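Sequential numbering of the sequence shown, starting at 97, is according to our numbering.
Notes follow once the structure below has been shown.
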Amino acid sequence: MKEEACAVHGNVLILRKAYHMELTTVQYRRHRLAYSVSAVIGFLAAWQGYYWLASGSVSSFFGWVFLIIGLIACCGCTWTAIRKSLVLELNQEGVWYKEDTYDWHSLRSYAIRKEVAEGGLFVYLILFFMDGREPLEIQLDWLENNEAIPEQMEAYAKKFQVRFDGVERKEI
97 MKEEACAVHG NVLILRKAYH MELTTVQYRR HRLAYSVSAV IGFLAAWQGY YWLASGSVSS
157 FFGWVFLIIG LIACCGCTWT AIRKSLVLEL NQEGVWYKED TYDWHSLRSY AIRKEVAEGG
217 LFVYLILFFM DGREPLEIQL DWLENNEAIP EQMEAYAKKF QVRFDGVERK EI
């Protein structure tokens, strides 16, 4: 927060507080359960291989096979779960969604659509482009902390002058 002198009224200095919001990179993730389960199974296989090697209860060949394959599976699945968990990112360059970046200056406007169905409420972020491409619809329900996306989008849209087309409610 920054204070700026605004006016002097008699002996009282009136200060105006200027609020400057720094736009930070905002990342939205989803948990990759299948990779996490595979990493745990790989760890258990590696542990089983180590146990067989340490106790000498099974031939050392199977112990080494389980240990090596288990460690490779554990490390590979853990790395993949971490790497593929990032789905949506708002940053100074634009909107990053599933390996593609959409520059702020390429966006004409954006909207929020809420679809009401028997199964519940589904929320979408819709990006409209200047070049006439098909609008990009991003389903927000499965992202962690998805309630903050409209608020963060509003902050970025104001800075980069992207118009907000409103919230559309649709019954399915």
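Cβ atoms here follow ideal geometry from the backbone N, Cα and C, with glycine treated the same way.
Keep in mind it's a predicted model, so treat the numbers as computed, not measured.
Same chain only: Cβ atoms within 8 Å of residue i, ignoring 5 sequence neighbours per side
i, result
"residue 129", "none"
"residue 231", "222, 223, 224, 225"
Chain-order list of residues whose beta-carbon lies under 6 Å from that of residue i (same chain, five-residue window excluded)
i, result
"residue 169", "138"
"residue 79", "In the structure as shown, the chain begins at 97 and stops at 268. Residue 79 is therefore absent and cannot be evaluated."
"residue 259", "205"
"residue 265", "210"
For residue i, three-class secondary structure by DSSP
i, result
"residue 119", "coil"
Distance between residue j and residue i (C-alpha atoms, nearest Å)
i, j, result
"residue 192", "residue 181", "13 Å"
"residue 229", "residue 146", "55 Å"
"residue 132", "residue 174", "6 Å"
"residue 263", "residue 159", "59 Å"
"residue 123", "residue 215", "27 Å"
"residue 196", "residue 255", "21 Å"
Identity of the residues DSSP links to residue i by a beta bridge
i, result
"residue 260", "206"
"residue 267", "212"
"residue 131", "In the DSSP output, where bridge partners are listed per residue, residue 131 has none listed."
7 Å Cβ shell around residue i - same chain, five flanking residues per side excluded
i, result
"residue 156", "149"
"residue 237", "218, 219"
"residue 194", "183"
Entirely within the segment 205-248 and at least 3 residues each: give me those beta strand (DSSP E) ranges in chain order.
Runs of beta strand (DSSP E) with 3 or more residues, each lying fully within the segment 205-248, are found at 216-225, 232-235, listed in chain order.
Identify every run of the beta strand (DSSP E) within the segment 155-206, keeping only runs that are complete inside it and at least 3 residues long; order them along the chain.
Restricted to the segment 155-206, the beta strand (DSSP E) segments that are unbroken, complete and at least 3 residues in length are 182-186, 190-193, 196-199, listed in chain order.
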